[in-house]
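Asker: Residue 1602 in our numbering sits at position 197 of the sequence shown, with consecutive numbering throughout.
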Amino acid sequence: MDQLTQTFEERLQEIEAYLDLLEALERQVQQGPPKIGGAAITAQQQKILYSSVYLQLYNLVEATVTWCVDAVVAAATDKGRWRPADLVESLRREWVRSTARTHLELNQDHRLEAAVALCEHLVQSLPLVDWSVDGGRRGNWADDEIRNITTRLGCELHISNDVYKGIKRPIREDKGSLVLVRYLRNKLAHGTLSFTECGDGVTVVDLRDLKERTALYLREVVAAFRSYIDGYEFLIPARRP
């Protein structure tokens, strides 16, 4: 198993383990109030535990995107093996954005420094080192944003029909899986929704279903990036091994 896939599966397993705990707790509730150390777990505490799954799932979504994008940059850098001219146009634009810092508000002196650094790199035909792709604002990742970043990098994202329908099917508040995870995560993070309110009326079956839909989608995202990297699709055809 490649490192990108392994990292994803290991993080997903953490959520699986947490859901196993919640499932055991839910079974205990059917026999009476569950207890830990002699103290009963209240309905409010159970809801709080359930709502934490949305935070874990969003963390997995954002982390997966970060891992995938970083893997592309690492492959394009590859210890100085490639140069800007070797990159496909879409990824080269991202390198220019990073090097010239065109996505940042800079004063005249700093903008000139960035432009000179870009010019020197090209004039001397230096290898690619120490750069990154700007992923945008944190806390904003769902399926549309993931498709946008893959398009920016020139990576073709093919999501199977069943998986696509699964993440688009409304689950709660007329929102599909990834949009709902982002929405509830941000509501919790900003304090506009309490953990008790978030977990109200939710079952472990609901959470497992949400986890499964999210995981199936993210697996196909990881597979798309792996294909992009393994096939050297970040390079122009003439430079691919």
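The beta-carbon is built from N, C-alpha and C at its ideal position, and this holds for glycine as well. Keep in mind that this is a model prediction, so the values were computed, not measured.
Roughly how far, in whole angstroms, is the beta-carbon of D1407 from the beta-carbon of R1631, given that I think they are within contact range, below 8 Å?
Answerer: In the sequence shown, counting from the first residue as 1, residue 1407 sits at position 2. In the sequence shown, counting from the first residue as 1, residue 1631 sits at position 226. Confirmed, about 6 Å.
Asker: In angstroms with no decimal places, state the Cα-to-Cα distance between T1469 and N1566.
Answerer: The residue given as residue 1469 occupies position 64 in the sequence shown. The residue given as residue 1566 occupies position 161 in the sequence shown. C-alpha separation (whole angstroms): 21 Å.
Asker: So is R1587 buried or exposed if we call it buried at 16+ other beta carbons inside 10 Å?
Answerer: By one-based count along the sequence shown, residue 1587 stands at place 182. Answer is buried; the Cβ neighbour count reaches 16.
Asker: Per DSSP, Q1551 forms a beta bridge with which residues?
Answerer: Locating residue 1551 in the sequence shown gives position 146, counting from the first residue. The sequence given here has Ile at residue 1551, not Gln. In DSSP, I1551 forms no bridge with anything.
Asker: Can you list the beta strand (DSSP E) stretches of 3 or more residues lying completely in the region 1418-1470, in chain order?
Answerer: Listed in chain order, there is nothing to give.
Asker: Smallest Cα separation from F1413: which of L1623, G1636, A1643, I1641?
Answerer: The sequence position of residue 1413 within the sequence shown is 8, counting from 1. Distance check between F1413 and each of L1623, G1636, A1643, I1641 places L1623 closest, using alpha-carbon atoms only.
Asker: In this structure, how does DSSP classify R1618 when only helix, strand and coil are distinguished?
Answerer: As a position in the sequence shown, residue 1618 is number 213, starting the count at 1. Correct three-state label for R1618: helix.
Asker: Residues in its own chain within less than 7 Å of I1634 by CB, not counting five upstream and five downstream?
Answerer: Here residue 1634 refers to the residue found at position 229 of the sequence shown. A1476, V1477, A1480.
Asker: Can you give the beta carbon distance from V1493 to F1639, rounded, assuming they're within the 8 Å contact cut?
Answerer: Along the sequence shown, one-based indexing puts residue 1493 at 88. Along the sequence shown, one-based indexing puts residue 1639 at 234. That pair is a contact at about 6 Å.
Asker: According to DSSP, K1580 sits in a beta bridge with which residue or residues?
Answerer: Counting from 1 along the sequence shown, the entry for residue 1580 is found at position 175. BP columns for K1580 point to R1577.
Asker: Rounded to the nearest angstrom, what separates I1564 and T1482 at their Cα positions?
Answerer: Translated into positions along the sequence shown, residue 1564 becomes position 159. Translated into positions along the sequence shown, residue 1482 becomes position 77. Going by the C-alpha atoms only, they are around 28 Å apart.
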